[in-house]
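Q: Residue numbers (this note's numbering), protein chains in the order written: chain V, 11 to 91; chain U, 200 to 953; chain H, 158 to 316.
All C-beta atoms, glycine included, are put in the ideal place defined by N, C-alpha and C.
In this text, all values refer to a predicted model and were calculated from it rather than measured experimentally.
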Amino acid sequence: MHHVRLSGQLRSAADNLEVIDVTADTIRELLFNIAERYPQLDAHIEAGIAVSIDGEIYRDNWNTKIPPDSEVFLLPRIPGG
Amino acid sequence: MAHDYSYTKQKFKVIGTRPERPDGIDKVTGRAKYGADATAPGQLVGLILRSPHAHAIIKKIDTSKAEKLPGVKAVLTCADLPDLTGGNRDLQNILENCMARGRALYDGHAVAAVAAVDAQTAKKALKLIKVQYKALPHVTDVDEAILPGAPIIHDWVFTRGIDPAPTEPSNISQRTQFGHGDVEAGFAKADVIIEKTWKTEQTHQGYIEPHACLASVGPDGSGELWVTTQGHFTFRNVCSSLLGMDVAKLKVTASEIGGGFGGKTHVWMEPVALALSRKANRPVKVVMSREEVFRASGPTSSTSVDVKIGAKKNGVITAASAELRYQGGAFPGIWAMLGAMTSFACYDLKNVKTVGYDILCNRPKVTAYRAPSAPMAAFGVESTMDMLAAEIGMNPLEFRLKNAAKQGTRASYGPVYGPIGIKPTLNAVKNHPHMRARLGKNQGRGMACGFWFNFGGQTCVDLNVGIDGTVSLTVGTIDVGGSRAAISLIAAEELGIPYEQVKTNVADTASLGYNDMTEGSRGTFSTGMATIFAARNAIEVLRERAAKMWDIPVDAVVWENGEARATGKKHGNLPRLTIKQIAAKAGNTGGPIAGHNEVVADNAGVSFASHICDVEVDPETGATRVIRYTVVQDAGKAIHPDYVEGQFQGGAAQGIGWALNEEYIYGDDGRLQNPGFLDYRIPVCSDLPFIDTEILEIPNPNHPYGVRGVGETSIVPPLAAIGNAISNAVGVRMDHVPMSPPRILKALDDATSS
Amino acid sequence: MSAVLVSTTVNGDTVEFACPQDETLLDALRNRVGLTGVKEGCGTGDCGACSITLNGRLVCSCLVLGVEASGNSIETVEGMADGNKLHPLQEKFIEHAALQCGICTPGFLVAAKALLERKPNPTVEEIRYALAGNLCRCTGYDKIVRAVQAAAKEMRKKK
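(1) By the DSSP assignment, the alpha helix (DSSP H) with G234 (chain U) in it spans what residues?
(2) For T956 (chain U) and N641 (chain U), what's the separation of their Cα atoms in angstroms?
(3) Could you give the distance in angstroms between the alpha-carbon of N594 (chain U) and the alpha-carbon of P940 (chain U)?
(4) How many angstroms separate the CA atom of P563 (chain U) from the CA atom of G348 (chain U)?
(5) Select from the region 271-287 of chain H all residues with a C-beta closer than 9 Å to any C-beta belonging to chain U, and list them in chain order.
(6) Give every residue of the same chain whose Cβ lies closer than 8 Å to the Cβ of V437 (chain U), excluding the five residues on either side of it in the sequence, and list them in chain order.
(7) Select from U:E383, U:S372, U:P818 and U:G617 the residue whose C-alpha is nearest the C-alpha of E81 (chain V).
(8) Considering just the uninterrupted stretch of the beta strand (DSSP E) at P940 (chain U), what are its terminal residues?
(9) Run through the region 359-401 of chain U for me and flag every whole beta strand (DSSP E) of 3 or more residues, listed as ranges in chain order.
(10) Could you tell me the boundaries of the alpha helix (DSSP H) in which W467 (chain U) lies?
(11) Determine the direct distance from the alpha carbon of N168 (chain H) to that of E235 (chain H), and round the result to whole angstroms.
(12) In chain order, what residues of the same chain have a beta carbon less than 6 Å from the beta carbon of L587 (chain U), not counting five sequence neighbours either side?
(13) Using a Cβ-Cβ cut-off of 8 Å, state whether L944 (chain U) counts as contacting chain H.
(14) How would you write the range of the alpha helix (DSSP H) that I224 (chain U) sits in, first residue to last?
(15) Could you tell me whether any Cβ in chain U is nearer than 8 Å to the Cβ of E66 (chain V)?
(16) Just tell me which of H:M237, H:A238 and H:K196 has its CA closest to the CA of S218 (chain H).
(17) Any C-beta of chain H sitting closer than 8 Å to the C-beta of K747 (chain U)?
(18) Which whole-angstrom value is the C-beta distance of V664 (chain U) and A737 (chain U), which I expect to be below 8 Å?
(19) Which runs of the alpha helix (DSSP H) at least 4 residues long sit entirely within the region 581-668 of chain U? Give them in chain order.
(20) In terms of residue numbering, what span does the beta strand (DSSP E) encompassing R986 (chain U) cover?
(21) Which one of U:I943, U:G794 and U:F847 has the shortest CA to CA distance from A858 (chain U)?
(22) From P221 (chain U) to V798 (chain U), what does the alpha carbon distance come to, in whole angstroms?
(23) Please list, in chain order, all residues of the same chain as P77 (chain V) whose beta carbon is under 8 Å from its beta carbon, the five residues on each side excluded.
(24) Look up R275 (chain H) in the DSSP assignment and say whether it is helix, strand or coil.
(25) Out of U:G301, U:A834 and U:S542, state which residue places its alpha-carbon closest to the alpha-carbon of W397 (chain U).
(26) With the cut-off set at 8 Å, would you say Y828 (chain U) and A851 (chain U) are in Cβ contact?
(27) Could you spell out where the alpha helix (DSSP H) holding N436 (chain U) opens and where it closes?
(28) If we ignore side chains and look at the alpha-carbon of each, how far apart do K605 (chain U) and S809 (chain U) end up?
(29) Using a Cβ-Cβ cutoff of less than 7 Å, which residues in the same chain neighbour P350 (chain U) once the five nearest sequence positions on both sides are dropped?
(30) Please state whether DSSP places V515 (chain U) in a helix, a strand or coil.
(31) Using CA coordinates, which residue listed in U:A384, U:M536, U:R742 and U:S926 is at the minimum distance from A589 (chain U)?
(32) I'd like to check one pair, K249 (chain H) with A304 (chain H): are the Cβ atoms closer than 8 Å?
(33) If we ignore side chains and look at the alpha-carbon of each, how far apart do V659 (chain U) and R735 (chain U) end up?
(34) Counting only runs that start and end within the region 307-336 of chain U, where is the beta strand (DSSP E) found for 3 or more residues in a row?
(35) Starting from S230 (chain H) and walking both ways along the beta strand (DSSP E), at which residues does that stretch end?
(36) If you measure from the beta carbon of P86 (chain V) to each beta carbon in chain U, is any gap under 8 Å?
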């Protein structure tokens with residue numbers, strides 16, 4: 011079980027929760043599970059989302075494993091210059 | 200094959216050396232081919248007609264006279280660019296930005312285009328196109344755009360991110376929020392609170408090469424595009440979507456690029472060039488003038504930012520908050536969101552809250568500019584930090600050190616940091632001789648910190664071993680500032696061969712798999728990572744081939760210093776096989792020898808910088824001169840230190856220009872008044888001192904060599920570093936960038952009279 | 158407007174081209190002579206990317222008409238190297254990593270060469286002011302100034 015924290019605007023799509031508890035081994039599983047529970051988050055995931063695991067930001071690789079007890083944070087996908 | 204991304208403390212032979220870049224001779228002899236340097240048989244000249252209005256309904260476009268002019272081969276309006284986006288709003292916005300659809304949204308918005316046999320004819324044709332406009336009220340200021348009664352730019356924009364969802368359209372496209380803790384409780388505990396509004400004006404990336412492309416599309420729906428771009432694969436995807444072409448049938452070749460800084464991550468006139476070519480059935484070259492670049496290609500936001508920071512007398516920050524209003528031009532953007540994420544990223548804060556408002560204006564569509572949105576937020580935050588330090592009587596450097604984010608800190612944008620480098624950069628500043636240099640009259644010293652995320656992304660690399668043992672490396676990120684040299688170094692390091700035996704080439708979209716854009720400081724990070732893995736794959740093949748040549752098991756073959764060595768009692772006495780010897784026999788041992796890698800290179804590793812700046816202010820004129828400048832930044836590992844220093848220096852120079860001179864000036868008529876390098880003044884050689892650099896190397900745990908992105912962070916601190924230096928020089932706190940002579944003079948006058 | 162036949166010398170070679178009367182020398186060099194090493198950054202004489210010498214004098218070719226080249230002598234970046242031997246400025250620009258994107262480099266090289274011919278031992282300040290008409294957006298000018306200093310030293314040694 012991971013306590014997944016949500017950044018500001020994602021919270022409004024998840025009943026204004028700051029933290030949701032999700033069980034997942036990979037980013038793909040995580041996003042699938044939360045979108046099933048909070049369908050409004052699906053639009054955010056489609057628009058682009060990044061997942062921070064222990065402070066490292068993953069934008070693309072949904073196969074990335076989420077270690078047990080790791081800190082997981084969802085934030086919007088961001089571009090560079 | 201799965202590869203391990205982890206940092207391994209590998210001992211390097213060539214990484215960290217400074218060899219000459221492989222494209223150097225082409226670039227000093229004029230041989231290198233940039234966007235405007237290609238030609239094709241039968242090529243036409245394409246030109247674009249642009250709106251002189253900030254906001255207007257386009258009632259009618261009469262192209263009949265232009266079409267009849269001899270030598271004109273195609274005239275284009277939005278009618279020739281039907282909406283094929285299937286309702287995808289992002290693509291619709293790109294399409295509408297390329298060519299107005301019934302309404303001009305900013306001064307410079309494209310309304311029609313022509314292709315003709317030569318420039319003279321094309322210019323005449325543009326004049327023959329008659330457009331009937333009905334001017335509409337406009338707004339170009341970020342704060343005015345959200346006042347009641349401001350003209351609404353789009354009736355389909357309803358502010359996202361507020362609950363309940365609004366029912367009226369607004370110029371605020373989205374509200375975003377980041378942070379943690381309870382800021383009200385935090386401020387209640389503060390002994391001192393500083394609260395202030397900071398403004399920055401709009402600036403342009405200012406690459407010296409204007410946008411340019413050569414498009415060629417045939418009636419069979421196949422086409423080619425030669426273009427100056429930071430992402431030819433993305434351009435291919437976007438252009439083919441907008442024009443209804445098959446992705447595989449559009450080959451995009453990235454020319455050498457004359458600077459991008461984010462501005463060449465976006466298509467501007469390229470889809471129009473392709474559409475002109477398709478209509479004329481001839482190649483069409485479109486080259487923007489400098490005026491077009493300023494009026495109609497992505498500048499960065501103008502901003503207005505409220506910052507509030509509270510601290511105890513002992514220097515501990517109890518709470519920090521910011522409201523950030525960023526103008527994104529005529530289409531919705533995410534720029535305020537980026538400002539809201541980065542603003543307090545340097546600090547360890549228990550209570551922090553940032554709110555971003557992305558705002559529409561009648562200005563050109565904003566696009567990324569080097570660490571997009573971070574410099575403006577840092578200007579407000581880092582200036583406020585200095586004011587607060589002064590108020591509690593603490594040295595501003597010690598104040599920052601006391602509150603610096605460290606491993607385990609929850610970042611203001613959410614996640615908890617891994618090993619990071621803000622404290623080491625501050626300590627390096629503290630120990631730098633620059634901090635102890637003497638200052639003269641009207642001189643002052645300032646410092647500031649900066650943060651940027653850095654990104655990786657989709658990347659692939661082909662590595663082919665030639666019959667003589669030399670190696671050609673095919674990459675899909677472009678070389679903006681020497682990355683071919685860095686990537687060649689990496690291949691040489693892994694294979695154990697001399698740098699000179701590797702040649703790195705940038706492939707077109709038909710010759711290599713998809714690569715994301717060269718943005719987010721990712722070029723050397725991600726293509727370097729793919730190169731490491733491609734080289735390791737090639738080494739596996741080389742070992743197998745050597746084993747076959749020796750007729751021994753592959754397990755008995757190791758790869759060392761560019762050679763295969765047989766190991767063990769039984770085979771240890773075999774003479775080594777060089778890469779050249781193995782390559783020469785490739786045809787007899789299984790065919791060409793190659794290594795490939797496709798990777799999603801996430802984890803480019805966040806990056807921090809601290810800058811020191813000395814200025815001298817002339818109290819008579821308000822003119823400010825930077826007399827000494829030092830950049831300290833964490834690079835993780837500098838592959839080719841010359842080009843890392845170059846990134847540090849270049850970003851600092853752009854930040855200095857932004858801080859002191861550069862700004863978009865709009866008239867009351869909503870038109871840009873200074874679309875040229877004479878009146879939009881970027882720093883020239885005589886404006887700047889040498890820019891000292893100190894490269895810190897705190898390894899990124901998620902790259903085999905520890906590399907972090909280095910390209911962007913250096914533009915973040917200068918605005919505030921200079922503002923702080925000016926304050927220390929002449930005692931006025933500048934809250935509006937650029938800190939141009941008239942603004943400084945006014946601040947000095949106001950200070951004297953009060 | 159009819160074209161004019163222009164006969165001129167470019168990098169030591171006699172060149173002839175037909176040029177519309179309102180066409181800049183920059184466009185003529187790029188599109189009619191094929192010397193695309195001469196770059197256009199602004200077209201208004203503000204960036205120096207199109208720097209050439211006209212009878213030994215440093216000019217922005219975007220501010221000169223093509224027809225004005227008639228009977229005169231032009232030098233561009235393409236003429237800087239002596240056969241396969243690079244000019245010391247070209248060598249030092251590569252060695253000192255004085256270019257990143259490289260679009261401004263031809264203009265800088267031509268302007269720096271004009272400076273060193275006039276002043277073989279310039280101070281840093283003289284270099285900075287002599288090159289103030291050439292814009293570079295990548296480097297912050299640091300490595301460019303160092304490369305010019307190094308080339309000047311090299312050229313003085315050879316004399």
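A: Working from what's here:
(1) Note, G234 (chain U): premise wrong, no alpha helix (DSSP H); not H, not E.
(2) No answer is possible for residue 956 (chain U): the residues shown for chain U start at 200 and end at 953.
(3) 28 Å
(4) 22 Å
(5) V281, E282, I284, R285, Y286 and A287
(6) L290, I293, V466 and P470
(7) U:G617
(8) Not the beta strand (DSSP E): P940 (chain U) falls in the alpha helix (DSSP H), residues P940 to S952.
(9) Fully enclosed beta strand (DSSP E) runs of 3 or longer: 371-379 and 391-399.
(10) Here W467 (chain U) belongs to no alpha helix (DSSP H), and DSSP marks it neither H nor E.
(11) 7 Å
(12) A distance below 6 Å between beta-carbons, with the five flanking residues on each side excluded, links L587 (chain U) to the following residues of its chain, in chain order: I393, I508 and A510.
(13) no
(14) G223 to V227
(15) So, interface residue.
(16) H:K196
(17) no
(18) 6 Å
(19) 595-602 and 621-630
(20) Nothing can be reported for residue 986 (chain U): it is not among the residues displayed for chain U, which extend from 200 to 953.
(21) It is U:I943 whose Cα lies nearest to the Cα of A858 (chain U).
(22) 25 Å
(23) Correct list, in chain order: I63 and D64.
(24) helix
(25) U:S542
(26) Cβ atoms of Y828 (chain U) and A851 (chain U): closer than 8 Å.
(27) H431 to L442
(28) Cα atoms of K605 (chain U) and S809 (chain U): separation of roughly 15 Å, rounded to the nearest angstrom.
(29) H254, L335, P336, H337 and V338
(30) The answer is coil: DSSP assigns V515 (chain U) none of H, G, I, E or B.
(31) Its Cα nearest to that of A589 (chain U), the residue U:S926 stands out among U:A384, U:M536, U:R742 and U:S926.
(32) yes
(33) Checking the sequence shown, residue 659 (chain U) turns out to be Cys, not Val. Near 14 Å, if we compare the C-alpha coordinates of R735 (chain U) and C659 (chain U).
(34) 309-315 and 329-334
(35) Taken as a continuous stretch (DSSP letters only), the beta strand (DSSP E) holding S230 (chain H) covers S230 to E232.
(36) Yes, its Cβ sits closer than 8 Å to a Cβ of chain U.
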